[in-house]
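Number of protein chains: 2
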Amino acid sequence: MAPQSPTAAGPLVAIGGAEDRTSDLEILKQVFSLSQPDSREVAVIATASGIPEQILPIYATAFGRLGASRVHALAIQSREQAADARNVTLIRQSGVIFFTGGDQLRLTSILGGSPVLEAVRTRLATGAVVAGTSAGAAAMPGTMIYNGCATDALRKGGVNMTFGLGLVAGLVIDSHFLARGRFTRLMEVGASNPEQLGVGIGEDAGVIIHPNRVLEAIGPGHVVLIDSRELAHTNIAELSMGEAVSIEHMILHALVSGHGFDIDARRYLDADALATCLAEAP
Amino acid sequence: MAPQSPTAAGPLVAIGGAEDRTSDLEILKQVFSLSQPDSREVAVIATASGIPEQILPIYATAFGRLGASRVHALAIQSREQAADARNVTLIRQSGVIFFTGGDQLRLTSILGGSPVLEAVRTRLATGAVVAGTSAGAAAMPGTMIYNGCATDALRKGGVNMTFGLGLVAGLVIDSHFLARGRFTRLMEVGASNPEQLGVGIGEDAGVIIHPNRVLEAIGPGHVVLIDSRELAHTNIAELSMGEAVSIEHMILHALVSGHGFDIDARRYLDADALATCLAEAP
Numbered sequence: 001m002a003p004q005s006p007t008a009a010g011p012l013v014a015i016g017g018a019e020d021r022t023s024d025l026e027i028l029k030q031v032f033s034l035s036q037p038d039s040r041e042v043a044v045i046a047t048a049s050g051i052p053e054q055i056l057p058i059y060a061t062a063f064g065r066l067g068a069s070r071v072h073a074l075a076i077q078s079r080e081q082a083a084d085a086r087n088v089t090l091i092r093q094s095g096v097i098f099f100t101g102g103d104q105l106r107l108t109s110i111l112g113g114s115p116v117l118e119a120v121r122t123r124l125a126t127g128a129v130v131a132g133t134s135a136g137a138a139a140m141p142g143t144m145i146y147n148g149c150a151t152d153a154l155r156k157g158g159v160n161m162t163f164g165l166g167l168v169a170g171l172v173i174d175s176h177f178l179a180r181g182r183f184t185r186l187m188e189v190g191a192s193n194p195e196q197l198g199v200g201i202g203e204d205a206g207v208i209i210h211p212n213r214v215l216e217a218i219g220p221g222h223v224v225l226i227d228s229r230e231l232a233h234t235n236i237a238e239l240s241m242g243e244a245v246s247i248e249h250m251i252l253h254a255l256v257s258g259h260g261f262d263i264d265a266r267r268y269l270d271a272d273a274l275a276t277c278l279a280e281a282p
Numbered sequence: 283m284a285p286q287s288p289t290a291a292g293p294l295v296a297i298g299g300a301e302d303r304t305s306d307l308e309i310l311k312q313v314f315s316l317s318q319p320d321s322r323e324v325a326v327i328a329t330a331s332g333i334p335e336q337i338l339p340i341y342a343t344a345f346g347r348l349g350a351s352r353v354h355a356l357a358i359q360s361r362e363q364a365a366d367a368r369n370v371t372l373i374r375q376s377g378v379i380f381f382t383g384g385d386q387l388r389l390t391s392i393l394g395g396s397p398v399l400e401a402v403r404t405r406l407a408t409g410a411v412v413a414g415t416s417a418g419a420a421a422m423p424g425t426m427i428y429n430g431c432a433t434d435a436l437r438k439g440g441v442n443m444t445f446g447l448g449l450v451a452g453l454v455i456d457s458h459f460l461a462r463g464r465f466t467r468l469m470e471v472g473a474s475n476p477e478q479l480g481v482g483i484g485e486d487a488g489v490i491i492h493p494n495r496v497l498e499a500i501g502p503g504h505v506v507l508i509d510s511r512e513l514a515h516t517n518i519a520e521l522s523m524g525e526a527v528s529i530e531h532m533i534l535h536a537l538v539s540g541h542g543f544d545i546d547a548r549r550y551l552d553a554d555a556l557a558t559c560l561a562e563a564p
């Protein structure tokens with residue numbers, strides 16, 4: 001009934017891409033540590049990937065090292081597979097559901113409206129951890145970016161967007177954020193609708209979106225936030241396509257590991273404030 | 283907390299544009315008739331319009347003829363005005379809130395995250411009618427189309443989208459649908475994410491989105507639905523920008539006045555079935 005903003009009971013973890021998968025697994029370790037002790041099976045969904053046969057064994061090994069009781073490697077490359085009851089069953093029994101990188105349009109065009117996606121939502125609502133890297137992170141919100149060169153963004157229409165997987169409301173996620181200089185993409189989105197918090201995740205960085213809608217940065221990289229809520233003015237509605245967008249007043253944050261942000265209150269949380277917020281959570 | 287899918291208590295009415303405003307007012311009459319008997323004040327929000335001083339008096343006269351006790355003409359052309367407590371108060375006391383046409387990016391870039399939009403959502407949740415025509419209809423969902431030539435659509439990236447006003451979840455709305463031949467726009471959106479129902483509204487046609495998520499077509503024109511839920515395959519994720527999108531299996535409906543559709547069950551409702559659905563609603 002409310003696909004774009006479930007009341008999550010489990011945490012989401014959005015990862016900026018290129019997280020360590022073979023060495024000390026810092027980010028994947030945090031993902032796995034969020035799972036409930038009685039629910040240590042992991043489903044890895046490689047729908048976004050064009051090379052699932054290469055990527056799935058890497059994650060299977062990584063989660064195996066971290067203590068997963070079983071790892072289900074789900075390629076899911078067609079809508080038929082996204083409706084397959086066997087895949088649905090494996091997701092239902094998993095405590096961690098992980099979306100690999102690749103192309104977010106593959107994720108949405110194959111999983112949109114499918115029994116597999118519905119099972120992921122149900123598991124999130126009942127306490128599972130849902131994590132994704134790169135495309136798997138970008139696709140999480142109700143609306144996602146799927147294309148847009150950083151140098152063309154901030155020109156009207158420079159960012160291409162469509163409906164995402166609907167796992168979290170009120171924000172837009174961009175990945176590979178610092179490596180690819182994507183500030184302009186989130187600025188254009190913020191100008192088009194200042195309500196939505198822009199979350200730009202660097203490589204080998206991630207953000208836990210706790211069920212109480214508090215963000216927590218993890219990993220060695222940065223999480224950049226672009227908060228347009230107090231936007232004073234933009235010309236975006238007056239422009240022709242391709243013309244330069246003006247922006248008066250957006251707020252920028254860069255979170256490092258252990259720092260956080262309250263999405264709804266728009267409040268930056270240092271390590272102490274974050275600890276308090278998370279301790280208070282039900 | 284859940285801006286993209288409020289549990290609406292009041293109906294939404296999306297109008298395809300160019301509805302009659304001066305003669306027999308067929309569609310506006312139906313909008314007004316949905317308001318609660320003790321709540322006959324109307325707020326007309328002309329934020330989308332570049333010529334609010336011309337359009338506001340036309341709607342003020344029309345709703346006056348229909349029996350509005352007061353009509354509040356709200357131009358709201360800046361983010362400062364969208365935070366003005368006087369405008370919030372006028373919306374709070376209105377039983378009908380009407381968004382004029384114009385440019386949907388003006389609506390979202392000026393109203394996104396504002397106290398005025400929050401007041402509109404609160405009124406919808408407490409039983410007010412929220413209606414919009416053209417841009418005012420297109421902006422209603424969590425994600426909206428704001429640009430895209432029908433002849434370029436169905437080529438990857440041909441449709442430009444961003445976050446909408448978040449008044450309804452699970453669908454995308456296009457207006458002036460038959461006059462401007464916009465089938466390809468909703469097909470591209472459906473290929474990018476088959477979960478979302480495409481609702482294409484003709485001129486002088488409208489669709490009531492009842493709180494139980496049943497659609498009801500009104501007015502002399504057509505309401506076209508493009509249902510991609512059973513999409514078998516699309517190549518959209520494999521393409522470069524600008525390349526032609528393939529689609530295997532979308533379902534198309536054309537509703538006329540008195541016919542309906544159950545959004546979540548994906549069920550076409552003829553006049554009898556619609557009457558049953560609406561009679562059963564709480």
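Chains as they are written, first to last, in our numbering: chain Z, 1 to 282; chain D, 283 to 564. We put the CB at the ideal spot given by N, CA and C, even for glycine. Quick caveat: nothing in here was measured; it's all calculated off a predicted structure.
- Using a Cβ distance threshold of 7 Å, residue 370 of chain D and residue 324 of chain D do not count as a contacting pair.
- Between residue 226 of chain Z and chain D, the shortest Cβ-Cβ separation is not below 7 Å.
- The C-alpha of residue 262 of chain Z is placed about 23 Å away from the C-alpha of residue 361 of chain D.
- About 5 Å separates the CB atoms of residue 490 of chain D and residue 295 of chain D; that is less than 8 Å, so the two are in contact.
- The criterion of a C-beta distance shorter than 7 Å is satisfied by residue 492 of chain D and residue 293 of chain D.
- Counting C-beta atoms within 10 angstroms of its own C-beta, residue 195 of chain Z has 16 or more neighbours from the protein chains shown and is therefore classed as buried.
- Under the criterion of beta carbons closer than 8 Å, residue 145 of chain Z and residue 391 of chain D do not qualify as touching, at roughly 17 Å.
- Between the C-alpha atoms of residue 562 of chain D and residue 44 of chain Z there is a straight-line separation of about 42 Å.
- The segment 467–481 of chain D makes contact with the segment 500–520 of chain D; the number of CB pairs closer than 8 Å reaches 3 or more.
- Rounded to whole angstroms, the gap between the alpha carbons of residue 534 of chain D and residue 366 of chain D is 43 Å.
- For residue 105 of chain Z, the closest Cβ of chain D is nearer than 7 Å.
- Taking 3 residues as the minimum length, the beta strand (DSSP E) runs contained wholly in the segment 310–340 of chain D are 323–327, in order along the chain.
- Look at the segment 313–342 of chain D: it has no residue with a C-beta under 7 Å from a C-beta of chain Z.
- For residue 476 of chain D, a Cβ of chain Z is located within less than 7 Å of the residue's own Cβ.
- When the five nearest sequence neighbours on each side are left out, the beta carbons in the same chain lying within less than 7 Å of the beta carbon of residue 436 of chain D are those of 466, 469, 470, 526, 527, in order along the chain.
- In the three-state reduction of the DSSP assignment, residue 374 of chain D falls in the helix class, which pools H, G and I.
- About 31 Å separates the CB atoms of residue 35 of chain Z and residue 445 of chain D; that is not less than 8 Å, and the two are not in contact.
- With distances taken between CA atoms, residue 309 of chain D lies nearest to D:415 out of D:415, D:458, D:559, D:354.
- Within the segment 350–396 of chain D, the runs of beta strand (DSSP E) at least 3 residues long that lie entirely inside it are, in chain order, 352–356, 378–381.
- In its chain, beyond the 5 residues on either side, 231, 232, 233, 234 have a beta carbon closer than 8 Å to the beta carbon of residue 248 of chain Z.
- Across the segment 137–171 of chain Z, CB contacts with chain D closer than 7 Å involve 142, 143, 147, 157, 160, 161, 162, 163, 169, 170, in sequence order along the chain.
- Only 518, 519, 523 from the segment 517–536 of chain D bring a Cβ to less than 7 Å from some Cβ of chain Z.
- Residue 30 of chain Z is classed as buried because its beta carbon has at least 16 other beta carbons within 10 Å across all chains shown.
- Between residue 503 of chain D and residue 298 of chain D, the beta carbon gap of about 6 Å places them in contact (Cβ cut-off 8 Å).
- The residues 298, 459, 460, 503, 504, in chain order, have a CB closer than 6 Å to that of residue 484 of chain D in the same chain once the five nearest residues on each side in sequence are set aside.
- With the criterion set as a beta carbon lying under 9 Å from some beta carbon of chain D, the members of the segment 87–104 of chain Z are 102, 103, 104, in sequence order.
- Chain Z has a Cβ within less than 7 Å of the Cβ of residue 390 of chain D.
- Distances from the alpha-carbon of residue 520 of chain D to those of Z:23, Z:50, Z:20, Z:86 put Z:50 closest.
- Per DSSP, the beta bridge partners of residue 423 of chain D are D:450.
- Assigned with DSSP and collapsed to three states, residue 65 of chain Z falls in helix.
- Shown in chain order are the members of the segment 462–489 of chain D whose Cβ falls below 7 Å from a Cβ of chain Z: 471, 473, 474, 475, 476, 477, 478.
- For residue 275 of chain Z, the uninterrupted alpha helix (DSSP H) run begins and ends at 271–280, by DSSP.
- Selection Z:57, Z:123, Z:18, Z:60 evaluated against residue 102 of chain Z yields Z:18 as nearest (Cα-Cα).
- A distance below 7 Å separates the beta carbons of residue 330 of chain D and residue 382 of chain D.
- Chain-order list of chain Z residues neighbouring residue 395 of chain D: 194, 195, 229, by C-beta distance under 7 Å.
- Assignment of beta-bridge partners to residue 506 of chain D by DSSP yields D:482, D:536.
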